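Residue numbers (the numbering used here): 13 to 202. Positions of the beta carbon are idealized from the N, C-alpha and C atoms, including for glycine. Predicted, not measured: the structure shown is a model, and the values here were computed from it. Structure record follows, encoded as structure tokens.
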């Protein structure tokens with residue numbers, strides 16, 4: 013006869029049931045934590061991407077309006093109308109962006125703000141306002157390019173597509189495509 017007490021088997025069952033419940037609870041908590049982290053990362057990426065696209069679009073609109081006004085010979089829109097147009101798109105970037113992106117966005121903003129203000133290079137001898145305006149507006153795409161590069165760096169956007177996943181049975185397919193030689197004869201010769 014066994015020397016195990018009558019309460020030993022139920023005790024072992026309860027201990028294992030509690031251990032299983034604890035392991036299930038820990039695994040569920042870990043999975044929930046990973047899902048929350050993944051959602052926060054996705055939300056972080058989407059918020060920034062949306063803010064950056066809106067600001068880039070607003071900058072492009074402002075640049076286009078400046079060029080159209082210049083080509084038509086009109087006065088550029090006022091700095092106040094420019095701020096009304098850019099302000100709602102610029103504020104989320106100022107709040108959400110990293111330092112390099114924020115600096116690049118403010119560089120574009122200052123360049124466009126300078127173009128929207130009165131062109132008065134009276135302090136510089138021999139500078140004509142039209143030439144000064146053309147030089148400043150020619151610099152806008154360069155500053156925008158630096159802004160785009162900072163965005164790409166922050167968001168991890170690369171200009172090459174990801175490599176395609178390799179099939180696990182690629183080695184087997186490669187072996188099947190090779191010509192089979194039997195007892196030293198070459199299949200090409202017959």
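DSSP-derived helix/strand/coil call for residue i
i	result
residue 56	helix
residue 15	coil
residue 6	Missing from the structure shown is residue 6; the chain here goes from 13 to 202 and no further.
residue 42	helix
residue 48	helix
residue 170	coil
residue 88	coil
Supposed close pair residue i, residue j - CB separation, criterion 8 Å
i	j	result
residue 167	residue 82	Not a contact, Cβ separation roughly 33 Å.
residue 109	residue 159	Wrong, their Cβ atoms sit about 10 Å apart, outside the cutoff.
residue 64	residue 163	5 Å
residue 91	residue 129	5 Å
residue 155	residue 119	5 Å
residue 123	residue 102	About 13 Å; that fails the 8 Å criterion.
Delimiting residues of the alpha helix (DSSP H) encompassing residue i
i	result
residue 104	91–108
residue 115	111–128
Classification of residue i by the beta-carbon crowding that lies within 10 angstroms, buried from 16 upward
i	result
residue 100	exposed
residue 225	With the chain running from 13 to 202 in the structure shown, residue 225 is simply not present.
residue 17	exposed
residue 49	exposed
residue 39	exposed
residue 47	exposed
Cα-Cα separation between residue i and residue j, rounded to whole angstroms
i	j	result
residue 85	residue 55	45 Å
residue 175	residue 79	41 Å
residue 20	residue 33	20 Å
residue 127	residue 98	14 Å
residue 68	residue 77	14 Å
residue 23	residue 42	29 Å
residue 89	residue 75	11 Å
residue 60	residue 105	7 Å
residue 113	residue 31	50 Å
residue 93	residue 36	59 Å
residue 72	residue 121	11 Å
residue 87	residue 125	14 Å
residue 146	residue 165	30 Å
Any non-hydrogen atom of the ligand PLP within 7 Å of residue i CB
i	result
residue 48	As far as ligands go, the structure on display features none, and thus does not contain the ligand PLP.
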